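Trainee: Protein chains in written order, with my numbering: chain A, 214 to 307; chain B, 66 to 587.
Backbone N, C-alpha and C define an ideal beta-carbon position, used for all residues, glycine too.
Computed from a predicted model, the values in this text were never measured in an experiment.
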Amino acid sequence: MLEETLKRIQAHKGVVGTIVVNAEGIPIRTTLDNSTTVQYAGLLHQLTMKARSTVRDIDPQNDLTFLRIRSKKHEIMVAPDKEYLLIVIQNPCE
Amino acid sequence: MPPPRQRWRLRWRPGARGLAVPLPEAKLPPARRGAPAPFTNMAPAQKSCQTGKISTAEVAVQSHTSQDAGVQTDQSKDAARDFQQEVQVDYTRLLSFLQRVEDVVIKELNKNWKSHAFDGFEVNWTDQNETVSCLHTLSYPDAQDQNLQVTSVSWNATGSVVACSYGRLDDGDWGTEKSYVCTWNLDRRGLNPQRPDLVVDVPSSVMCLAFHPSQPSLIVGGLFSGEVVVWDTSRIEDPLILRTGMTDDTHTDPVYQVNWLPDAKHGNHFQLLSASTDGKILVWREERDGRLALAEGFALVAQQIPRSIQLKKLAWGEAAVGVTSLSFSHFDPRVFVVGVEGGYSLKCSTAAQTEALHRTGTSVPLRAPAELAFTPHGGPVYSVSCSPFHRNLFLSCGTDGHVHLHSMLQAQPLISLQLSKKYLFCVRWSPVRPLVFAAASGEGDVQLFDFEKSSQKPAVSIKQTTAESPVYCLEFNVKQTQLLAAGDATGTVKVWQLSSDFTEQGPREMNHLEQLASEVTD
């Protein structure tokens with residue numbers, strides 16, 4: 214069930230990689246190579262925490278639901294949660 | 066309220082042989098937290114004490130023998146794996162998390178795929194530089210007085226030092242002129258373009274140079290005499306640290322290309338590779354007494370060239386195939402491409418096992434590395450360059466003034482461009498833009514070609530010299546990507562600053578490159 218869900222996301226149009234990270238920023242599941250995964254996991258975990266604290270500082274009743282970063286080459290999407298983080302990297306069609 | 070604490074302070078009391086002795090200080094009434102100390106009428110008392118006379122003696126100790134030992138760990142092959150611990154994962158909660166977010170993520174992925182919101186949206190993070198300009202014009206007047214030409218340029222590992230070698234490229238016969246290797250540190254204040262930071266006198270013409278990829282002070286040079294030497298620019302008295310000398314193993318013709326090769330067994334060590342028109346490609350390793358010893362080698366012999374193309378009968382007359390240039394693939398460290406005097410390029414592999422039918426004996430048996438021969442140019446190939454962005458693409462240029470873009474999968478070139486009516490001496494891919502390369506022409510131009518803009522004519526043509534004096538060599542600076550150094554026959558090295566469109570990768574460039582590479586005809 215777990216693998217099927219991840220496969221469905223990975224098989225989506227343009228998806229370059231999928232990473233699941235736990236609350237400490239350690240990658241648990243990934244479709245990318247080791248060094249890239251570790252880089253993405255560490256950096257995005259920190260950025261997500263910063264984004265979340267930014268949202269809550271502005272309005273303590275608010276909370277982060279989704280994070281999207283658009284760069285020249287891809288779009289990185291982060292779905293946050295109390296215990297896990299799902300990172301999906303997509304190469305959008307232009 | 067907590068009891069007042071005794072305050073101790075170390076006081077320097079001279080006269081007691083310089084020993085610091087802790088002294089108790091007179092107790093002051095404790096200040097209330099947050100309030101300034103009460104201004105009471107207190108008379109602090111001072112007390113001190115001193116020890117009795119201390120006897121000392123002086124003794125000296127010296128080691129009789131000493132030994133140096135070093136310890137170093139080998140660089141871990143997979144650094145990432147070292148940091149990964151065994152993580153306890155609760156699969157039920159992970160599954161419920163994924164089920165919760167799956168729909169949201171799929172929806173966002175779909176939206177993104179169909180979105181046109183960012184079409185044509187570009188952000189300028191750096192100041193846009195519109196034109197190409199000459200930052201520095203470097204030369205060594207003594208070498209110019211002797212009419213020496215710049216044969217090769219190289220940037221060091223940090224990108225701040227450029228080195229050039231002086232020699233002669235149009236000497237037909239054996240030249241015994243001495244030459245120079247000069248370095249300039251461009252980031253230094255007070256840079257004098259006519260005074261190199263370091264000048265090394267070399268007894269023979271230096272034909273090619275290469276800085277070490279990670280140690281900023283080591284340079285290897287290939288000489289007209291066939292020798293390979295290594296200099297350490299941080300040593301002021303005598304920078305020469307390694308040399309092959311003239312042995313049976315040394316090249317018998319000028320060395321036109323030298324490279325640093327990472328040692329497969331010891332990750333931190335490097336070996337040296339040299340290629341010469343005597344047909345041999347030799348790999349040298351460092352020996353203790355400052356000599357370079359032959360570790361392994363390859364020899365290109367005409368009979369062993371794979372016959373996928375029609376080679377002129379003339380080629381068989383001389384058995385050795387003269388190598389003029391060499392480039393390693395950035396993707397597979399065993400694959401390299403050589404350009405030869407016969408006008409064609411060869412795809413070779415260091416993993417080749419067949420022995421070369423080589424005439425002269427060497428201490429280590431030489432192997433035949435050629436796997437595939439590509440369609441020839443109309444004259445000798447002077448330069449080849451493998452693409453840092455695509456594993457199959459490489460460029461070759463030669464005396465016919467053409468540049469060929471080849472895919473390693475087929476013998477015919479993908480694209481053939483005429484960039485000069487005279488010779489083309491050097492071609493290099495850009496380290497940041499997959500579709501850009503630079504070529505040095507015999508008419509004195511540095512031509513920058515951009516496949517994104519046009520596949521027929523160069524995007525920019527920079528006039529380096531007047532009076533049609535050829536530009537012999539050029540190198541992009543990998544660390545400061547807007548710099549390009551080019552050396553010419555007047556003995557000058559010009560450092561060009563490129564405009565921003567040559568230093569920033571566009572969003573669809575890799576796709577365009579893939580498209581170019583896949584136009585392989587079966």
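Are there 16 or more other CB atoms within 10 angstroms of the CB of A/Q303, so buried, or fewer, so exposed?
Mentor: When all chains shown are included, A/Q303 counts as buried.
Trainee: In its own chain, which residues sit with a C-beta less than 7 Å from the C-beta of B/L578, not counting the 5 before and 5 after it?
Mentor: F454, H455, P499, L500
Trainee: Would you kindly work out how many angstroms separate the C-alpha atoms of B/I346 and A/T267, rounded to a whole number?
Mentor: 60 Å
Trainee: Taking a cut of 9 Å between CB atoms, which residues from the stretch 163-180 of chain B lie near chain A?
Mentor: L163, Q164, R165, V166, E167, V169, V170, I171, E173, L174, N175, N177, W178, K179, S180
Trainee: When the cut-off is 8 Å and only beta carbons count, does B/R146 lie next to chain A?
Mentor: Bear in mind that the predicted position of B/R146 carries a pLDDT of just 46, short of 50, making it too unreliable to give a figure here.
Trainee: Can you tell me whether B/H442 is helix, strand or coil according to DSSP?
Mentor: In the structure shown, B/H442 sits in coil (DSSP, three-state: anything other than H, G, I, E or B).
Trainee: Using a threshold of 8 Å, state whether the C-beta atoms of B/V226 and B/W249 are closer than that.
Mentor: yes
Trainee: Can you list, in chain order, the residues of its chain with a C-beta nearer than 7 Å to that of B/A589? Leave out the 5 residues immediately preceding and following it.
Mentor: Because chain B spans 66 through 587 in this model, residue 589 of chain B falls outside it and cannot be assessed.
Trainee: Assuming B/M272 is part of the beta strand (DSSP E), what are its boundary residues?
Mentor: 271-276
Trainee: List the residues that DSSP assigns as beta-bridge partners of B/D515.
Mentor: When DSSP reads this structure, B/D515 sits in a beta bridge with B/V501.
Trainee: Count the other CB atoms within 10 Å of the CB of B/P523; is the residue buried (16 or more) or exposed (fewer)?
Mentor: buried
Trainee: Does DSSP put B/P268 in a helix, a strand or coil?
Mentor: Looking at B/P268 - three-state DSSP - the assignment turns out to be coil, as it is neither helix nor strand.
Trainee: Report the rounded CA-to-CA distance for A/P305 versus A/K285, giving the unit in angstroms.
Mentor: 10 Å
Trainee: Roughly how many angstroms lie between the CA atoms of B/N175 and B/E195, to the nearest whole one?
Mentor: 38 Å
Trainee: How would you list, in chain order, the residues of chain A whose beta-carbon sits under 7 Å from the beta-carbon of B/F183?
Mentor: R283
Trainee: In this structure, what does DSSP give as the bridge partners for B/W190?
Mentor: None, per the DSSP bridge assignment.
Trainee: Residues in its own chain within less than 6 Å of B/G80 by CB, not counting five upstream and five downstream?
Mentor: Residue confidence is low: B/G80 scores 46 on pLDDT, short of 50, so the model does not pin down where it sits. Its coordinate-derived value is still stated next. Once the five neighbours on either side are set aside, B/G80 has no close Cβ partner at all.
Trainee: Please report the straight-line C-alpha distance between A/I232 and B/H181, rounded to a whole angstrom.
Mentor: The C-alpha of A/I232 lies about 26 Å from the C-alpha of B/H181.
Trainee: For B/H201, which beta-bridge partners are listed by DSSP?
Mentor: DSSP links B/H201 through a beta bridge to B/V560.
Trainee: Quick one: which chain B residues come within Cβ less than 7 Å of A/Y297?
Mentor: L159, F162
Trainee: Using alpha carbons as the reference points, say which of B/R233, B/P445, B/D318 lies closest to B/V59.
Mentor: Nothing about residue 59 of chain B can be reported from this structure: the residues present for chain B run from 66 to 587 only.
Trainee: Tell me, please, whether the CB atom of B/V497 is closer than 8 Å to any CB atom in chain A?
Mentor: No, B/V497 lies away from the interface with chain A (no Cβ there is under 8 Å from its Cβ).
Trainee: So what does DSSP say about B/E569, is it helix, strand or coil?
Mentor: B/E569 falls in the coil class under three-state DSSP.
Trainee: Rounded to the nearest angstrom, what separates B/T389 and A/R221 at their Cα positions?
Mentor: 52 Å
Trainee: Can you tell me whether DSSP reads B/V386 as helix, strand or coil?
Mentor: coil
Trainee: For B/T53, count neighbouring C-beta atoms within 10 Å of its own C-beta (all shown protein chains included) and say buried if the count is 16 or more, exposed if not.
Mentor: Outside the shown range of chain B, which is 66 to 587, sits residue 53 of chain B, and nothing can be said about it.
Trainee: Who are the Cβ neighbours of B/P261 in its own chain at under 7 Å, not counting the five residues just before and after it?
Mentor: Y205, C247, T248, W249
Trainee: Taking only three categories from DSSP, how would you classify B/R17?
Mentor: Within the shown structure, residues of chain B are numbered from 66 to 587, placing residue 17 of chain B beyond reach of any answer.
Trainee: So A/K263 contacts chain B; which residues on that side make the cut at Cβ distance below 7 Å?
Mentor: Going along chain B, no residue has its Cβ under 7 Å from A/K263, so there is no contact; the nearest lies around 20 Å.
Trainee: Hey, quick one: how far does the beta strand (DSSP E) through B/V606 stretch, first residue to last?
Mentor: Since the displayed chain B opens at 66 and closes at 587, residue 606 of chain B lies outside it and no answer follows.
Trainee: With 8 Å as the threshold, decide whether the Cβ of B/V501 is near any Cβ in chain A.
Mentor: B/V501 does not count as touching chain A.
Trainee: Within 10 angstroms of its Cβ, does B/P327 collect 16 or more other Cβ (buried), or is it exposed?
Mentor: exposed
Trainee: For the alpha helix (DSSP H) that A/Y253 lies in, which residues bound it at each end?
Mentor: For A/Y253, the enclosing alpha helix (DSSP H) stretches over residues 247-271.
Trainee: Rounded C-beta distance between B/F459 and B/S450? I'm assuming under 8 Å.
Mentor: 6 Å
Trainee: Please name the residue or residues paired with B/Y321 in a DSSP beta bridge.
Mentor: In the DSSP output, where bridge partners are listed per residue, B/Y321 has none listed.
Trainee: Are the beta-carbon atoms of B/W561 and B/V492 separated by less than 8 Å?
Mentor: Cβ distance not < 8 Å, so B/W561 and B/V492 don't count as in contact.
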